[in-house]
Structures are given as C-alpha cells and as structure tokens.
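Chemist: Sequences listed follow chains A and B, in order. Position one of the first sequence corresponds to residue 90 (the working numbering), numbered consecutively onward. Position one of the second sequence corresponds to residue 90 (the working numbering), numbered consecutively onward. One structure follows; several queries about it will come next.
There are 2 protein chains.
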Amino acid sequence: MSDRKPTIIDVARAAGASIKTVSRVMNNERYVSAETRERVQRVMAELQFQPNKSAQSLKGDKSYLIAHVYGDPGGPYTGQIQMGLLTRFRDQGYHLLIEEIDYRGDDVEDRVSKLVNQLNLDAVVLTAPVTDNDTVISVIERANIPYVRVTPQHERDGGSSVRIDERAAANDLTMHLLAFGHRRIGFIKGPEHHAGTRLRYSGYCDALREYGLEPDPEIIEQGGFTYRSALPCTRRLLSLAEPPTAIVASNDEMAAAVLSVAHDRGLSLPGDLSVVGFDDIELAEMVWPPLTTVKQPIQELADAAAEILVNILTRKKQPGEPAPQAHRVLPHHVVIRRSTAPPARR
Amino acid sequence: MSDRKPTIIDVARAAGASIKTVSRVMNNERYVSAETRERVQRVMAELQFQPNKSAQSLKGDKSYLIAHVYGDPGGPYTGQIQMGLLTRFRDQGYHLLIEEIDYRGDDVEDRVSKLVNQLNLDAVVLTAPVTDNDTVISVIERANIPYVRVTPQHERDGGSSVRIDERAAANDLTMHLLAFGHRRIGFIKGPEHHAGTRLRYSGYCDALREYGLEPDPEIIEQGGFTYRSALPCTRRLLSLAEPPTAIVASNDEMAAAVLSVAHDRGLSLPGDLSVVGFDDIELAEMVWPPLTTVKQPIQELADAAAEILVNILTRKKQPGEPAPQAHRVLPHHVVIRRSTAPPARR
DNA sequence: CAAGCATCAGATAACGATGTCATGTTTTCA
DNA sequence: TGAAAACATGACATCGTTATCTGATGCTTG
C-alpha cells in the first residue's frame, strides 16, 4: 500500500479501465456503460480517491473558488453573509475565499488582480464598502468573471445584484416616528463612501417632506457607521437648545451609541427620546431598550446572491457570450421594538 | 496581442530566456545574473505576468491556501479573527479560505477531508467550537498539515495553539465581585461541547473556594453562549427567593441578556445586580451599563496564530520530519466598566 | 450486406508551473 | 597552473487532471 494520495491513474489501474473512463465517471459524462461506471465508482470509494482540484483547475477553466471581497469596516453582517454563502456553495463543491481590501489604498488594483488572475476565481461576491468601487469592479469585469453585489448603492450595467430598497426602508422608519407625532427628528448619516449612506438619508428627507417639513442641517450629523463615531454626534444633538425628540441613526451600532449617551444623561427612554436604527443586527435586540429598526434580510440576501452565482456557473459557458446577470430586490420590513414612542409632553 | 493571460512561456520568449530562468527569477533563486534577472523582471512587469497558482500548486507542494475552520455558532469574534489572519497572510501571498462545519453532523470527516486533500491546503486554523474536535483534528493530522488552534480547551500533542489562561481570567472576574463584597454570585455556563466552558466554570469555582464558599447548584445555570439562551436562565435566577446579587455570565452575549431581563424587572443596575461577561466583544461597550468583562486579545491571538503558521510554512519542509509546533499563552486583563459595584444594602 | 450511426473505451496531448540533470563558463585556491 | 567549486543557463520530464482524437464494437437501415 503506497502512502501517497491515490490519483486517477491508481483508480484506473485498479478498476481495469483507462484514466479517461474514470474521468468520465467522475464528471458524469455519457458513454460509460452502467457496469463500468459502477465498478469505477466502487474502486474510487475503496481507495478514498479525491480528485486534485489544482489539476482540475489547471486543465479546465474552473477553480471551484469563489471570493468574498469586502473592506474594513465591513458591514456589521459580513459574517452572517459569509455563513449564508457558505452553506449554499458547500453543496455545489465550491469553496469560499475571503479577501479584505483597503479600498483607500493604492494597491487595490494589484490585490484584486492577483486574487482574480492567479487563483482563477470562478466568481466574486462584493459587500460593503466595496460594492460600488470602480477599481475593484473593473478588474473583475476585465477578467470576465461573474459577480454579485450585495446591497449596492447604484445599479450598474455589468454584474448582478441583490438588495432591499434602502430609500423606502429609511422612509418607512421616519414615517413611523412622524406618525407618533415627532416633528423634530435628528439624523446621523453613515460615512461618505459607504453604500447605503445616500439612500438612507434621502429616504429620511423624503418622509419629512411628505409631512411638509424641510430637513434641518442643525440636527443632521455625519457618523462613520461605528459605535464610537456616533457618540460625539449624539452629544452635540442632545446639547442643542432645542434638541430633537427622536433620532434616526443610519445603522444599529450608531443607534446603540445614541442610547448610551441618552442613558448617561439620565434621559428616560423612549419617553424623552425615541431612537431608531437600521439593519436589525443581533445587537438591536440586546441593548436597552431594544431598537426599532429595519430588518436586512441577510439570510435571504446571501441566499439570493449564492443562487444567482450558482445558476450562472452551472450553465455551460459559451466562449463569446458575456456573463449573464440578474438583479433582485427583496422585501424589507420595519421591526418595531421599545425604543420608539410618542414624544413626551413638555 | 493575444488576449490570453500571459504564461511563463510568453515571458521567456519575450525576454529571450528559458522558462526555467524565468522561474528562477520569480522564486528569487540563485544562479541568475543580475542583468538577466532585471531583464526578465522588466518583461514580467510589461506583460503584467501573474503566475498561475493552480500550476504552482500542482507541481510544487504549496497551494497558498490556508483554511479557517469553525462551527456554528462560531465565537462572537470569528470575524475579527479572520481579519487578523487575513492581514498577516496577505503579505506572504497566502489566501484565506473559510469553512463552517457542522461538528454534530456525520459528514464532518468527509467535509474536512475534501477540503484538506482536494485543495492541497497548506495549513489550517481552528477556532471554537471545533478547536477540540477529534474527528476534524485527526483528518488534518493524517494529512500532515500544520494547524493552529485558537483558544482550545485542552493541550494536545500535535499541532500548535494560542490562547489566554481562561481559568485564571474567570477567577479574576469572580474575585473582583467577591472583593466588592458579593457572596451570592450566580453563574451561567456555556454549552457543553464548547471550548472554554469548563475552564471558565472552574475558575469561578476556585475563586469562591478561596473565600471559603462552595458553588451552589441552585444559582448555576447552563446557557448556550447566545443572547436568547441566557434569557430564561436569568429569569429563573432572579425569581429565586434569595436571588444572587451578582451574576457571572460565561460570555458577553449572555451577560447582555442578563442586563435586559434585569432592566425589564425594573432593577437598578449595578446597585441591585452586578453583571460580568467574558470576551470583551464590541457589544460589551454598547449595552447599558457597559460590561465589566475579560478582554480576549483577539488581534494578538490572530497575529500569533498567523505568525506561527507563517514560520512553519516558510521553513523548508523536510520529508520525514513531523510538523513543528508552538504553544503560546497571551496575557489577559479584566476590563472594569459600570456593570459592577458593591451590593446594595438590604 | 455494406454503409451509417450511436455507444463505449483508450492513447496521447495539453494546461503552466517547478525539479532534475546536463552543459558550459567563470572563479577559487592549493 | 590545474583541478575543483561555484555560477549561469537551458532541455526536458513531471504533477493530476480534462480534451481531442482515433478505434472498436454492435445495431439500424435502405
């Protein structure tokens, strides 16, 4: 018994067939008699034969590798997205590679190019904050590899995407506060380059206008999607002569910061201040009071992204044909918890 | 101009050298004149040549792939560990593959084996809850691949590990409460199979004994390391005729649940109830009051793990020689925040 | 019954790198 | 100064698959 890992040649020899026949069996190709097929399969099982992906990749055009590219800070749900992708890809024999890239760095192109070209990637999944990074996308497009962007900011010609309607969602949240009677509603934006920042802000503005109000720059702050970044924002808002009675934070982490500052000042929540977040990450339920927020259907987004790619990849690829694409908008919904209430009487 | 990706042959032709010489330049081998080396490098840059990893992997024994294997639920810091590994591996040309495996499933062996054997992995990083899974580890050891376990429960002969002293850390936390004057201290354990569960519990018990107390089964609960799992545990503890004045939760998520239940019952925190967590994940600072906890030096753990592997991998591998190993215990420290105080007078 | 076709199977050439070995040139140093 | 050592290069086999031929069978079909 050799100690080496068995190769297709060992299988062929043991099964009394040619290597090509074994290959045919492995890939479920035609022109193998049922009898031969079964014999080969039995031998493969006996030898615990496992095809070498490097060899398959070298010869064929598939690497069975799909990369998830994101940046720091990734969305708070980066991990969950990965889990979702993983479970879908696993059954199809694909493996997930993760790559964090510094989208501000000058080696972005080089990094992505190395990834895509050296590893012969089969596909790429992009999440925040690189969903709309032209450098990254152009490298991927040049390599003619299918890709999906998860919750991108803009539509694009090439590639696929999955998302919810962020503008409508922010609109819904703000309407919820307006319906409670709030009229002075603060807003904490996300960072400039992040997908979603603009859309969430404009949903907020639209809602105000539907009630005949104009966004007031005095109660609009710019955060960075992190807990820490929202602390000073909140402090300023709550120190105003006429502080807001409610605050819309562009994500849950920042909303948690709003809660902490409010607690620290001894405000009664939600009576003195209503707070809403965005995304419905686990944290939203773990803070006090639990956050009213918009649920990102993360599992569904990941599923949809994986499904789109698997569809594209299992379809036989014609040489000239451009990569097929799909765009999917999933339903969102507002989750009402205890961080929102009508404003207290003055 | 061909549209194909350039290969080593194209480079050789353009530089007027043999493919072997180009290979030498790529791998910084000896026996290439400075002049030739420079010429080849110029051509490589011009053609934007990038070596095909599949080919390198097929011929050589390196795949440049390292896998991070974990299970659901992974530690709350799975994502951060990955980020840490990523930045270290990136510069060395390694890529990180992630694999979530169901450690309860019956296909564990198959899954890990496929991963390790088909992809020719160079190394594996294991985190909770598979750091101590014998099935997984034995497959990896059989393939003779170096691996590092991050915060494992037990020491092992093979492989490397990085960790903090969890027992001592839990001991420190409990001592902190005892020093405040608490004598009735509840404990919420982690799930049975998880690394850390046993060590944290025994650290708690040791601390009590140092004060001449015996652990009281009535105020010891079993949770699952998740927020939800700790809710009923806490409810029971707080409903006792003689409820604890402090609760040690085995991780921060469960501590957050303790806080929520306490808030819900109108308790004043930390006066009526002191709470401590474990891990110091981001959440610890985002809840109210912020949690006293033990900091897992995640960045340092990831760094150490990556460093160990890189060391092993860059060392020339001798055929017969077993994989080298290293064990590192990093310092921990208790982070005191506002969730702990002396017990209120009755 | 020869020709045509679908089916089954194998020999052999790729894929793109690295390893082995051979060969010629230059340096070293006893 | 002569032999050994170090340097510089290239031809060619090789890794484990898949793809392209080519050949051999049996079965229709006119």
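Note that CB positions come from ideal geometry on N, CA and C, so glycine has one too. If you're wondering where the values come from, they're calculated on a predicted model, not measured in any experiment.
Excluding five sequence neighbours on each side, which residues of the same chain lie with their C-beta closer than 6 Å to the C-beta of GLN388/A?
Modeler: Locating residue 388/A in the first sequence gives position 299, where the first residue counts as 1. Closer than 6 Å at Cβ, skipping near neighbours: GLY173.
Chemist: Rank LEU362/A, SER107/A, ASP221/A by C-alpha distance to the C-alpha of ARG287/A and give the top, closest one.
Modeler: On the first sequence, position 198 is the one that residue 287/A refers to. Among LEU362/A, SER107/A, ASP221/A, the Cα nearest to that of ARG287/A is on ASP221/A.
Chemist: Comparing alpha-carbon positions, which option in LEU348/A, ASP295/A, HIS283/A lies nearest LEU262/A?
Modeler: For the purposes of this step, residue 262/A is taken as the residue at position 173 of the first sequence. Closest by alpha carbon: ASP295/A.
Chemist: Going by Cα to Cα distance, which pick from LEU147/B, ASP369/B, SER143/B is closest to ALA259/B?
Modeler: Here residue 259/B is taken as the residue at index 170 of the second sequence, counted from 1. That would be ASP369/B, whose Cα lies nearest to the Cα of ALA259/B.
Chemist: Taking the C-alpha atoms as reference points, what is the distance between ASP246/B and HIS416/B?
Modeler: For the purposes of this step, residue 246/B is identified with residue 157 of the second sequence, where counting begins at 1. For the purposes of this step, residue 416/B is identified with residue 327 of the second sequence, where counting begins at 1. The straight-line gap from Cα to Cα measures roughly 10 Å.
Chemist: Quick one: using the 10 Å Cβ neighbour count with 16 as the cut-off for buried, is LYS148/A buried or exposed?
Modeler: To locate residue 148/A, count along the first sequence from 1; it is residue 59. Classification of LYS148/A: exposed, given that the 10 Å Cβ count is below 16.
Chemist: Label VAL418/B either buried or exposed according to how many other C-beta atoms from any shown protein chain fall within 10 Å of its C-beta, with 16 as the threshold for buried.
Modeler: Residue 418/B sits at position 329 when you count from the first residue of the second sequence. So VAL418/B ends up on the exposed side.
Chemist: With 8 Å set as the bound, which would you pick, yes or no: does the beta-carbon of ILE425/B sit closer than that to a beta-carbon of chain A?
Modeler: Counting from 1 along the second sequence, the entry for residue 425/B is found at position 336. Taking Cβ atoms only, chain A never reaches closer than 8 Å to ILE425/B, which makes this a no.
Chemist: Report the rounded CA-to-CA distance for GLY409/A versus THR403/A, giving the unit in angstroms.
Modeler: The residue labelled residue 409/A in the question sits at position 320 within the first sequence. The residue labelled residue 403/A in the question sits at position 314 within the first sequence. Low confidence applies here, because GLY409/A scores a pLDDT of 47, under 50, leaving its location unreliable; read the following figure in that light. Each residue's Cα considered, the two are about 17 Å apart.
Chemist: When you compare the CB positions of THR240/A and GLY168/A, do they come within less than 8 Å of one another, or not?
Modeler: Translated into positions along the first sequence, residue 240/A becomes position 151. Translated into positions along the first sequence, residue 168/A becomes position 79. The answer is no: Cβ separation not under 8 Å.
Chemist: DSSP state of VAL423/B, grouped into three classes?
Modeler: The residue labelled residue 423/B in the question sits at position 334 within the second sequence. Reduced to three states, the DSSP call for VAL423/B is strand.
Chemist: Along the stretch 119–153 of chain B, what residues have a CB closer than 7 Å to any CB found in chain A?
Modeler: Those would be GLN139, PRO140, ASN141, LYS142, SER143, ALA144, SER146, LEU147, SER152, in chain order.
Chemist: Can you tell me where the alpha helix (DSSP H) holding SER328/B begins and where it ends?
Modeler: For the purposes of this step, residue 328/B is taken as the residue at position 239 of the second sequence. SER328/B -> alpha helix (DSSP H) spans 316–328.
Chemist: If I measure Cβ to Cβ from GLN181/A and keep anything under 6 Å in the same chain, skipping five residues before and after, which residues do I get?
Modeler: Reading the first sequence from its first residue, position 92 is the one you call residue 181/A. Closer than 6 Å at the Cβ level, and outside the excluded window around GLN181/A, lie VAL399.
Chemist: Using the three-state DSSP reduction, which class does HIS243/A fall into: helix, strand or coil?
Modeler: Here residue 243/A refers to the residue found at position 154 of the first sequence. The answer is coil: DSSP assigns HIS243/A none of H, G, I, E or B.
Chemist: Work out the CA separation of THR216/B and VAL347/B for me, nearest whole Å.
Modeler: Residue numbering aside, residue 347/B sits at position 258 when the second sequence is read from its first letter. Residue numbering aside, residue 216/B sits at position 127 when the second sequence is read from its first letter. Rounded to the nearest angstrom, the two C-alpha atoms are 26 Å apart.
Chemist: Counting only beta-carbon separations shorter than 8 Å, does SER349/B have a partner in chain A?
Modeler: Position 260 of the second sequence, counting from 1, holds the residue named residue 349/B. With 8 Å as the cut-off, SER349/B counts as an interface residue toward chain A.
Chemist: Can you tell me the Cβ-Cβ gap for GLY279/A and ASN340/A, rounded? I've got them flagged as a contact below 8 Å.
Modeler: Locating residue 279/A in the first sequence gives position 190, counting from the first residue. Locating residue 340/A in the first sequence gives position 251, counting from the first residue. At roughly 7 Å, the Cβ-Cβ gap stays under 8 Å, so GLY279/A and ASN340/A are in contact.
Chemist: At which residues does the beta strand (DSSP E) containing PHE276/B begin and terminate?
Modeler: Mapped onto the second sequence, residue 276/B falls at position 187. Note, PHE276/B: beta strand (DSSP E), 274–278.
Chemist: May I ask you to list the residues that DSSP assigns as paired with TYR159/A?
Modeler: Indexing the first sequence from 1 puts residue 159/A at position 70. TYR159/A is bridged to GLU189/A.
Chemist: Verify the CB distance criterion: does GLN407/A have a CB-CB separation below 8 Å to chain B?
Modeler: In the first sequence, counting from the first residue as 1, residue 407/A sits at position 318. Summary for GLN407/A: the model assigns pLDDT 47, below 50, so the residue's position carries little reliability; its value from the coordinates is reported in the next sentence. By this cut-off, GLN407/A is not an interface position.
Chemist: So VAL111/B is in the alpha helix (DSSP H); what residue range does that whole segment cover?
Modeler: Taking the second sequence and counting its residues from 1, one reaches residue 111/B at position 22. Residues 108–115.
Chemist: With 16 as the cutoff for other CB atoms within 10 Å, does GLU299/A come out buried or exposed?
Modeler: Position 210 of the first sequence, counting from 1, holds the residue named residue 299/A. Label assigned to GLU299/A: exposed.
Chemist: Applying the 10 Å Cβ sphere with the 16-neighbour rule, what's the burial state of PRO420/B?
Modeler: Taking the first residue of the second sequence as position 1, residue 420/B is located at position 331. Exposed, since its Cβ has fewer than 16 Cβ neighbours within 10 Å.
Chemist: Does MET343/B get closer than 8 Å to chain A when you measure Cβ to Cβ?
Modeler: As a position in the second sequence, residue 343/B is number 254, starting the count at 1. So no, MET343/B is outside the interface.
Chemist: Is TYR120/A helix, strand or coil by DSSP?
Modeler: To locate residue 120/A, count along the first sequence from 1; it is residue 31. Looking at TYR120/A - three-state DSSP - the assignment turns out to be coil, as it is neither helix nor strand.
Chemist: Given LEU390/A, which residues of its chain have a CB within under 6 Å of its CB, disregarding the five upstream and five downstream residues?
Modeler: As a first step, residue 390/A must be located in the first sequence, where it is residue number 301. Excluding sequence neighbours, LEU390/A sits near VAL239, VAL251.
Chemist: What is the C-beta distance between VAL228/A and VAL205/A, in whole angstroms, given that I count them as a contact (C-beta under 8 Å)?
Modeler: Working through the first sequence from its first residue, we reach residue 228/A at position 139. Working through the first sequence from its first residue, we reach residue 205/A at position 116. Contact holds; Cβ gap of about 6 Å.
Chemist: Is it true that the CB of ARG325/A sits closer than 8 Å to the CB of GLU310/A?
Modeler: The residue you call residue 310/A lines up with position 221 of the first sequence. The residue you call residue 325/A lines up with position 236 of the first sequence. Their beta carbons are under 8 Å apart, which means GLU310/A touches ARG325/A by this criterion.
Chemist: Can you have a look at GLU124/B and say buried or exposed, based on whether 16 or more other CB atoms are within 10 angstroms of its CB?
Modeler: For this step, residue 124/B is matched to residue 35 along the second sequence. Counting Cβ neighbours within 10 Å, GLU124/B comes out exposed, since fewer than 16 surround it.
Chemist: Kindly list, in the order they appear in chain B, the residues whose Cβ is closer than 8 Å to that of GLY270/A.
Modeler: Sequence index remark: in the first sequence, residue 270/A carries index 181 (1-based). Within chain B, no residue comes near GLY270/A; the closest Cβ sits about 25 Å away, beyond 8 Å.
Chemist: Label TYR293/A either buried or exposed according to how many other C-beta atoms from any shown protein chain fall within 10 Å of its C-beta, with 16 as the threshold for buried.
Modeler: Indexing the first sequence from 1 puts residue 293/A at position 204. Buried.
Chemist: In three-state terms, what does DSSP make of HIS89/A?
Modeler: Because chain A in this structure spans residues 90 to 435, residue 89/A falls outside the shown range and cannot be described.
Chemist: So, does the CB of ASP369/B fall closer than 8 Å to a CB anywhere in chain A?
Modeler: In the second sequence, the residue the question calls residue 369/B occupies position 280. No, ASP369/B lies away from the interface with chain A (no Cβ there is under 8 Å from its Cβ).
Chemist: Cutting at 8 Å between CB atoms, please list the residues of its own chain near LEU266/B, excluding the five before and the five after it.
Modeler: As a position in the second sequence, residue 266/B is number 177, starting the count at 1. Answer for LEU266/B: ILE274, ALA335, VAL337, SER363, VAL365, THR429, listed in chain order.
Chemist: So with CB distances below 7 Å, who are the chain A contacts of VAL219/B?
Modeler: Indexing the second sequence from 1 puts residue 219/B at position 130. The premise fails here: VAL219/B is roughly 14 Å from chain A at the closest Cβ pair, so nothing lies under 7 Å.
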